[in-house]
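Heads up: the sequence shown runs through residues -2 to 121, numbered per our numbering. Working notes, beginning with the structure itself.
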Amino acid sequence: MRSILSIIAGVLVGVFGVFLVKMINLSLYPNPVDLNVSDPDLAVFVLIIIAHILGAFIAAFIASMVARTKRLNVGLLAGAILLSFSIWTSFSIGPPNVVSILDIVGTSLAVFLGAKMGASRIVG
């Protein structure tokens, strides 16, 4: 039961982290009146990638820290949920292929690192 709750907590905190970074993105680069989605600024994509990486790392880290057993697996599962959101976003928005690849690879590495770091804590 605690593993399920830790996955839910990790995903919620991770989604909130993505939300915060995307709100910062919107404040730095507001949508113009004559929005042309086929040619956005590269900095917008960089901040979206950072949001996905940070959110996935936080989700995996929190889930693996809160779980009592199988911490690495729990963290990887929570991070994989956010990774699936990132993949869905990459295919639905349609950014350049390089951006999609960097997003998926970076988010995958962040999931692994977050789960590994959270699982390596000392249980007292």
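We put the CB at the ideal spot given by N, CA and C, even for glycine. These numbers come from a predicted model, not from an experiment.
Proximity of Gly72 and Ala116 at Cβ, strictly below 7 Å: The count along the sequence shown starts at 1 and reaches residue 72 at position 75. The count along the sequence shown starts at 1 and reaches residue 116 at position 119. The answer is yes: Cβ separation under 7 Å.
Contact set for Ile160: own chain, Cβ-Cβ below 6 Å, skip 5 residues either direction: A question about residue 160 goes unanswered here, because the residues of the chain that appear run from -2 up to 121.
N- and C-terminal bounds of the alpha helix (DSSP H) containing Gly14: For the purposes of this step, residue 14 is taken as residue 17 along the sequence shown, with counting starting at 1. That run of the alpha helix (DSSP H) goes -1 to 25.
Minimum C-alpha distance to Val96 - residue among Ile4, Gly111, Val63, Ile45: If you number the sequence shown from 1, residue 96 lands on position 99. Nearest C-alpha to Val96: Ile45.
DSSP state of Thr104 mapped onto helix, strand, coil: By one-based count along the sequence shown, residue 104 stands at place 107. Reduced to three states, the DSSP call for Thr104 is helix.
Selected residue, minimal CA-CA separation from Leu106, among Val18, Leu51, Ala60, Phe88: By one-based count along the sequence shown, residue 106 stands at place 109. Checking every option, the nearest Cα to that of Leu106 belongs to Leu51.
Segments assigned beta strand (DSSP E), at least 3 residues, entirely inside the segment 28 to 67: none
Cβ neighbours of Met114 in the same chain (closer than 7 Å, five flanking residues each side left out): Sequence index remark: in the sequence shown, residue 114 carries index 117 (1-based). Hits under 7 Å: Phe58.
Coarse secondary structure for Gly111, derived from DSSP in three states: By one-based count along the sequence shown, residue 111 stands at place 114. Note: Gly111 maps to helix in three-state DSSP.
C-alpha gap between Leu100 and Val43, whole angstroms: Residue numbering aside, residue 100 sits at position 103 when the sequence shown is read from its first letter. Residue numbering aside, residue 43 sits at position 46 when the sequence shown is read from its first letter. Position check: residue 100 holds Asp in this sequence, whereas Leu was assumed. Cα to Cα, the separation comes out at about 9 Å.
Reference Trp85; option with closest CA among Ser61, Ala112, His49: For this step, residue 85 is matched to residue 88 along the sequence shown. It is His49 whose Cα lies nearest to the Cα of Trp85.
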